[in-house]
Amino acid sequence: MHISETLLFTALASLLPGIVCSQAPVTVTGLHTGIADDGERPTRFNIEYLQALGGPQWDLYILGLREMQQLGQNESDSFFQIAGIHGRPFTAWNGVGQAPGAQETGYCFHNEVPFITWHRPYLALYEQILGGKIQQIARRYTGRDAALYLSAANSFRIPFWDWATDSNLPPATTWPEITVNTPEGQETIPNPLYSFVWPSVPLNHDPAWFPTTDDPVFWNSTGTQRHLNPSGNLSLVVTSLRDKVYNVFAKTRDFDVMASTANPGPSFEDPHNDVHNAAGTFMYNPLYSAFDPIFWLHHANVDRLFALWQAINYNSTYQSKPTDIGSGTWAQPGSTQMTADSPLAPFYRPGYGGGGPQTFHTGRTTASLKTFGYTYPEINDWSTSPDRTRQLVIRQVNSLYGPNLVTPPPHGSGGGPPSSRHRRHSTERDNEANWPRRQRQRQRQYYVQIGVERSELSLPCEVQVLLGNDTVAGSAAIMALPPAGLTHTEIQLNREIKRFAPCVEDKTVVPLLEQRLRVEIRKRDGTLIPTDSVVSLTINVESVDVEFLDLDDELPIYGPSTKYPKLGRPAAGYPLPRRRDYSI
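In mature numbering (1 follows the signal peptide of the UniProt record, and there is no 0), the protein residues as written are -22 to -1, 1 to 562.
Right under this line is the structure:
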């Protein structure tokens, strides 16, 4: 650790009013039960696979989450307190109080490079606490079920929701009640995935915790809610989540670009924001979103995408250069600088003590899934080389998210295990002959890149890119927090261009875009924000020749970009944002 980082830890320990150095804090280790002798780690599965499988692990997941939600609000391991780390109520957790000069907000980062790394130990903490309760419940089963439930508890890891392959809400999150096998027999109980029922707060309307100046749905309801269409379908997100996700894998090689909307280029935070916005109500406000049980499924998928990107870019698994923090968090003042060794409060890591400063997890200490004892269906890095793992992960990325989807051989990634030991990659899958080869082709792709200063907008809002009056080519949600800072999105136009142009090349596309391309910004209620009043708004249009290879373990090759200044808009009074070279 650098001396400057040690000094910062020491300063946090001495200055933050909530830190109690004499009492050992909770350390975030994740779960390390169920790890095989060869290093194979238990898997975080797709929730739809876990629910379809049913049985002991599904029962324990539901019962453990219900028990966690039923704990009192003053219990540090309650669902209320763990969810409250993300935003409201603004109270110290794990002895980490508000830093001097920090703003009134949660501990979490958004629109900042640490966004992607901060949420990893947060999920590991949730998994660690939930897994502990699941192990306690498993010990209450008797008879022939006892061994099955104990084994299931040891290998439990939290599930994810892959909204980029299926934007429908997982069915299990839409049922008000659910039937499970408890230690006392089969019971139908309130579904803890459907809603979190508030304890006495915020029902006591304490303005210091949940102010009545916020939307009444937050402080005047009995539990969390979502506002979706009757089928629970997120297809109202007009932009393609799959396209955005694939663009990150295919185009982005810079960690800082991948991690956050703070930098121009495709990032995982961008589609992450779209899902929050589309789920509505609690999910669209970062101060309350973690109270919705679907938050944890959503962010487990963001972490999964991050892990897949790390496997592909295994020499760039954490940020490599300092980054300026804008608004900051409750424990990190704004207008400061962070590195891969800066603290991710309030998440302590093991190994502190001996009279030295208590140490937090950092981007560097959270870079490996091994640290927290889990993996995802696409990753078996304990038994393959980094190069082979990269190949296998690219295959899955191309299959799941690529423009020319292919069906993998039996036991594809679908979120499930290919054997009783939960192997992710069977011998059958390693045989190249079992993978259909794609046709090699070249394609010109068109993109709109947008940058805007958040403080000029009425947040939350949505940026829409249109071709004509009613054809939305793509959109990007801008969440309520942080209140300031440049934010960026990139939207591919090809899907909608093909509706209007006989061929996708400059001689037909450029006149089309000159005539039809338009950008709108709308408040959450649909009201238009005049773009003329948003002086920071930048719109850049570019095209790139892309070569899709016939090998499924290779990503497409991007040629030099062509820019179209006449189709875009430089900011009035603002310099164009510095653009990074993220092409291959």
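The C-beta atom is built at its ideal place from N, Cα and C for all residues, glycine as well.
Keep in mind that this is a model prediction, so the values were computed, not measured.
- Message: Buried or exposed for Thr301, going by 16 or more other Cβ atoms inside 10 Å?
- Response: buried
- Message: Quick check on this structure: which residue in Gly50, Lys222, Thr160, Trp96 has the alpha carbon closest to the alpha carbon of Phe174?
- Response: Gly50
- Message: Strictly by DSSP, which residues pair up with Phe138?
- Response: Asn24
- Message: Counting C-beta neighbours from all protein chains within 10 Å, is the total for Thr505 16 or more, i.e. buried, or is it exposed?
- Response: exposed
- Message: So the candidates are Asn376, Asn293, Pro161, Ser521; which of them puts its Cα closest to the Cα of Ser539?
- Response: Ser521
- Query: Whose CA, out of Arg432, Glu468, Lys476, lies closest to the CA of Thr449?
  - Reply: Lys476
- Outcome for Arg282 when other beta-carbon atoms lying within 10 angstroms are tallied against a minimum of 16: buried
- Helix, strand or coil for Met316, going by three-state DSSP, please let me know. strand
- Item | Environment of Trp153 [buried if 16+ CB atoms lie within 10 Å] | exposed
- Alpha carbon of Pro201 to alpha carbon of Val519, nearest angstrom: What sits at residue 201 in the sequence shown is Gly, not Pro. Straight-line Cα distance between these residues: approximately 44 Å.
- Item | DSSP-derived helix/strand/coil call for Asp123 | helix
- Spatial neighbours of Gly334 within its chain, please: CB distance less than 7 Å, with the 5 preceding and 5 following residues excluded, ordered by chain position. Unreliable positioning characterises Gly334 in this predicted model, as indicated by a pLDDT of 42, which lies under 50. The coordinate reading is nonetheless provided below. Contacts found: none.
- Message: Between the alpha carbons of Gln29 and Gly163, how many angstroms are there, rounded?
- Response: 19 Å
- Message: How far does the alpha helix (DSSP H) with Pro194 in it extend, from its first residue to its last?
- Response: 194 to 197
- Item | Status (buried if at least 16 other CB within 10 Å, exposed otherwise) for Glu356 | buried
- Message: For Gly463, tell me which candidate among Asn472, Gln442, Glu434 has the shortest Cα-Cα distance.
- Response: Glu434
- Specify the secondary structure class of Phe174 as computed by DSSP and reduced to three states. coil
- Where Arg514 sits in the DSSP three-state scheme: Per the sequence shown, the amino acid found at residue 514 is Ser instead of Arg. Coil, per DSSP.
- Task: Compare the beta carbon distance of Val6 and Tyr224 with 8 Å and say whether it is the shorter of the two.
- Result: no
- Query: Of all the options Val235, Ile372, Asp123, Gly329, which has the alpha carbon lying nearest to the alpha carbon of Ile290?
  - Reply: Ile372
- Message: With a threshold of 8 Å, are at least 3 pairs of Cβ atoms found where one atom belongs to the stretch 238 to 257 and the other to the stretch 18 to 28?
- Response: no
- Message: For Cys481, count the other beta carbons within 10 Å of its own beta carbon; 16 or more makes it buried, fewer makes it exposed. Which is it?
- Response: exposed
- Report yes if the C-beta distance between Ser436 and Lys501 is below 8 Å; otherwise report no. yes
- Message: If I follow the unbroken beta strand (DSSP E) through Arg496, where does it start and stop?
- Response: 495 to 501
- Message: So, with DSSP's three-state summary, where would you put Phe338?
- Response: strand
- Message: Please state whether the Cβ-Cβ distance between Leu31 and Ala130 is less than 8 Å.
- Response: no
- Residues of its chain near Asp144, where Cβ-Cβ distance is below 8 Å and the 5 sequence neighbours each way are ignored: Glu26
- Rounded to whole angstroms, how far is the Cβ of Gln35 from the Cβ of Phe134, which I believe are closer than 8 Å? 6 Å
- Task: Compare the Cα-Cα distances from His277 to each of His254, Phe260, Gly79 and report the closest residue.
- Result: His254
- Query: Would the beta-carbon of Ile456 fall within 8 Å of that of Val443?
  - Reply: no
- Query: Do you know how far the Cα of Tyr352 is from the Cα of Pro208?
  - Reply: Reliability fails at Pro208, whose pLDDT of 45 lies under 50, so the model's placement of it is uncertain and the value that follows must be treated cautiously. Cα to Cα, the separation comes out at about 35 Å.
- Taking the CB atoms as reference points, tell me whether Ser74 and Ala345 lie closer together than 8 Å. It should be noted that the sequence gives Val, not Ser, for residue 74. Contact flag unset, no.
- Where the alpha helix (DSSP H) through Ser539 begins and ends: Unbroken run through Ser539 is the beta strand (DSSP E), 535 to 541; no alpha helix (DSSP H).
- Answer with buried or exposed for Gly84, where buried requires no fewer than 16 other C-beta atoms within 10 angstroms of its C-beta. buried
- Task: From the DSSP output, read off the bridge partner residues of Gln164.
- Result: Asn159
- Tyr425: CB within 7 Å of a non-hydrogen atom of the ligand FAD: Inclusion of the ligand FAD in the displayed structure is not the case, the ligand content being empty and no account of it being possible.
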